[in-house]
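Let me begin by presenting the structure, written as structure tokens, before commenting on it.
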Amino acid sequence: MRMPEYNLSPRTSNILYLSEQISPLDVTELTEARIREYNRKEFSKNRIFKKLYRPVKRKVTQDLFIIPIESGVSIYGTLFVKTKKAATDPTSLIIYIHDGGWMFGNMDKCSAICSNICAATGSAVLSIDYRMAPEFKFPIPVYDCYNAFLWACQGARYWKLDTDKIYLLGSCAGGNLAAAVSRLARDKKGPVPAGLILIDPITDCRLRTQSIEKYKDHPIISKKILSFYINNYQREPKDILDPLFSPLLAQDHSRLPETLIIASGQNPLSDDAHLYAQALNSADSPAKIIDCPQEIHNFINYPISDRWKDTMQAISDFIRGRNVNSIDILTKGERAIKEKPHVVGQRQSKDL
Numbered sequence: 268m269r270m271p272e273y274n275l276s277p278r279t280s281n282i283l284y285l286s287e288q289i290s291p292l293d294v295t296e297l298t299e300a301r302i303r304e305y306n307r308k309e310f311s312k313n314r315i316f317k318k319l320y321r322p323v324k325r326k327v328t329q330d331l332f333i334i335p336i337e338s339g340v341s342i343y344g345t346l347f348v349k350t351k352k353a354a355t356d357p358t359s360l361i362i363y364i365h366d367g368g369w370m371f372g373n374m375d376k377c378s379a380i381c382s383n384i385c386a387a388t389g390s391a392v393l394s395i396d397y398r399m400a401p402e403f404k405f406p407i408p409v410y411d412c413y414n415a416f417l418w419a420c421q422g423a424r425y426w427k428l429d430t431d432k433i434y435l436l437g438s439c440a441g442g443n444l445a446a447a448v449s450r451l452a453r454d455k456k457g458p459v460p461a462g463l464i465l466i467d468p469i470t471d472c473r474l475r476t477q478s479i480e481k482y483k484d485h486p487i488i489s490k491k492i493l494s495f496y497i498n499n500y501q502r503e504p505k506d507i508l509d510p511l512f513s514p515l516l517a518q519d520h521s522r523l524p525e526t527l528i529i530a531s532g533q534n535p536l537s538d539d540a541h542l543y544a545q546a547l548n549s550a551d552s553p554a555k556i557i558d559c560p561q562e563i564h565n566f567i568n569y570p571i572s573d574r575w576k577d578t579m580q581a582i583s584d585f586i587r588g589r590n591v592n593s594i595d596i597l598t599k600g601e602r603a604i605k606e607k608p609h610v611v612g613q614r615q616s617k618d619l
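In this text, residue positions in the sequence shown follow our numbering: the first is 268, and each later residue adds one.
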């Protein structure tokens with residue numbers, strides 16, 4: 268299914284090939300029963316899955332929690348903690364909101380992704396198993412994630428984590444939900460996240476941008492697939508205009524947390540990422556967008572990606588309190604050059 272016009276590195280092409288072996292090729296043809304079956308599928312012993320996701324096990328512990336959402340309703344959350352924390356590891360918490368078009372959320376995959384993020388950043392990671400469409404439509408997933416965030420703010424004290432260092436991380440639909448949760452947190456005047464990390468977020472569900480049309484036949488996330496997700500997530504067409512559904516369409520982008528946005532290359536959601544960063548910055552909500560031209564959609568899931576380690580380093584810098592505008596995704600060599608002292612005349616200076 269790889270498209271000849273996509274300029275992908277050999278490693279990225281291999282990731283695309285492997286991901287096609289374990290994921291549905293055309294999700295729009297799946298019934299609700301097939302979707303539920305896929306979400307319950309066990310991948311952990313699958314050879315291709317282990318090669319693609321490379322889950323860390325020995326360095327990370329997992330604990331399952333029941334998160335109360337409303338009267339008589341609860342969801343699951345899994346907390347990942349690094350077993351041997353270094354003195355420099357942050358006492359922060361990343362709340363991970365998974366991708367999957369608000370419909371797919373295989374917990375075996377999420378466990379692999381979260382254990383890798385935990386091991387790479389040193390931060391604790393909480394994965395949210397929110398209720399999904401088509402059974403649970405908008406805004407139920409939004410409020411599941413928001414209530415899980417409030418619950419985690421209380422749990423952070425019990426876990427001996429810093430309640431002022433709770434971050435939201437989401438990719439694609441997960442990025443959409445993370446952005447929505449940050450708006451609820453602002454408007455309800457309760458706890459607020461320290462920052463957002465959005466990977467290829469969908470922020471305008473009208474699907475009208477130039478990148479949507481340019482890459483409408485994208486091999487991973489085509490316009491047809493995006494439309495399928497949106498149609499199953501919405502209760503009625505006007506939901507699309509709600510800022511909790513399409514964060515870009517909100518009238519007020521002020522007083523939102525610092526936001527690090529990462530956009531993969533040749534991606535139909537590229538404009539969504541860039542326009543959202545512009546909207547935040549225009550309202551004095553600090554945001555930085557970084558492009559990864561050679562990476563595929565949601566490359567954050569795959570440790571074998573070319574820029575995965577460099578992206579994890581950027582995320583680590585962000586959750587350690589570095590100003591978002593100074594964050595870059597650099598190779599080890601590029602980072603060494605940037606941080607190396609320069610000789611100016613007879614004096615040394617260092618880039619800050």
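Just so it is clear, CB atoms sit at the ideal spot from N, CA and C, and this is done for glycine as well.
Just so you know, these numbers come straight off a predicted model, no measurement behind them.
Buried versus exposed, by CB contacts within 10 Å (16 or more), residue i
| i | result |
| --- | --- |
| Gln533 | buried |
| Leu619 | With a pLDDT of 37 at Leu619, under the threshold of 50, the modelled position of this residue cannot be trusted, and the question is left open. |
| Pro277 | exposed |
| Val340 | exposed |
| Leu275 | buried |
| Gln580 | buried |
| Gly389 | buried |
| Gly368 | buried |
| Gly600 | exposed |
| Ser338 | exposed |
| Leu331 | exposed |
| Asp411 | buried |
| Ala517 | buried |
| Asp445 | The sequence as given places Ala at residue 445; Asp does not occur at that position. By the neighbour-count rule (16 or more Cβ atoms within 10 Å), Ala445 is buried. |
Within 8 Å, strictly: CB atoms of residue i and residue j
| i | j | result |
| --- | --- | --- |
| Ile433 | Ile342 | no |
| Tyr482 | Leu319 | no |
| Gly437 | Ile528 | no |
| Pro460 | Leu435 | yes |
| Ile464 | Ile563 | no |
| Met399 | Gly372 | yes |
| Pro468 | Cys439 | yes |
| Asp595 | Ile557 | yes |
| Asn498 | Asp366 | no |
| Tyr397 | Pro406 | no |
| Ala419 | Leu451 | no |
| Ala603 | Cys559 | no |
| Gly344 | Ile336 | no |
| Asn259 | Pro514 | Outside the shown range of the chain (268 to 619) lies residue 259, about which nothing can therefore be said. |
| Ser378 | Gln329 | yes |
| Ser478 | Leu536 | yes |
| Ile466 | Met370 | no |
| Ser311 | Asp375 | yes |
| Leu508 | Ala447 | no |
| Thr358 | Leu417 | no |
| Leu283 | Pro291 | no |
| Leu360 | Thr470 | no |
Collapsed DSSP secondary structure at residue i in the structure displayed
| i | result |
| --- | --- |
| Ser290 | coil |
| Ser378 | helix |
| Phe585 | helix |
| Tyr569 | coil |
| Asp411 | helix |
| Leu346 | strand |
| Val323 | coil |
| Leu417 | helix |
| Glu304 | helix |
| Ala312 | What sits at residue 312 in the sequence shown is Lys, not Ala. Coil at Lys312, not helix or strand. |
| Thr328 | strand |
| Thr526 | strand |
| Ser616 | Caution applies to Ser616, whose pLDDT of 43 falls short of 50 and renders its modelled position unreliable; the value that the coordinates give is listed next. Of the three classes helix, strand and coil, the one that applies to Ser616 here is strand, per DSSP. |
| Tyr482 | coil |
| Asp551 | coil |
| Pro335 | strand |
| Val448 | helix |
| Asp558 | strand |
| Val591 | helix |
Spatial neighbours of residue i in its chain, beta-carbon cut-off 7 Å, leaving aside the 5 residues before and after
| i | result |
| --- | --- |
| Lys404 | Tyr500, Gln501, Arg502 |
| Arg453 | Val459, Arg522, Leu523 |
| Ala386 | Val323, Lys326, Val327, Lys349 |
| Asp577 | Ile596, Leu597, Thr598 |
| Gly422 | none |
| Phe585 | Gly462, Ile464, Leu527, Val591, Ile594 |
| Asn548 | Ala554 |
| Lys352 | Gly389 |
Spatial neighbours of residue i in its chain, beta-carbon cut-off 6 Å, leaving aside the 5 residues before and after
| i | result |
| --- | --- |
| Thr476 | Asp538 |
| Asn383 | Val323, Pro570 |
| Trp575 | none |
| Cys381 | Phe347, Tyr363, Val392, Ser394 |
Cβ neighbours of residue i in the same chain (closer than 8 Å, five flanking residues each side left out)
| i | result |
| --- | --- |
| Met270 | Below a pLDDT of 50, predicted positions are generally treated as unreliable, and Met270, at 43, falls in that range; the measurement from the model is reported next regardless. Asp484, His485, Pro486. |
| Ala544 | Thr526, Ile528, Ala554, Lys555, Ile556 |
| Gln288 | Ile315 |
| Thr295 | Lys491, Ile492, Phe495 |
| Asp431 | Ala461 |
How do the segment 518-527 and the segment 321-334 stand: do at least 3 beta-carbon pairs fall below 8 Å, yes or no?
As far as the Cβ criterion goes, the segment 518-527 does not touch the segment 321-334, which means the pair count is below three.
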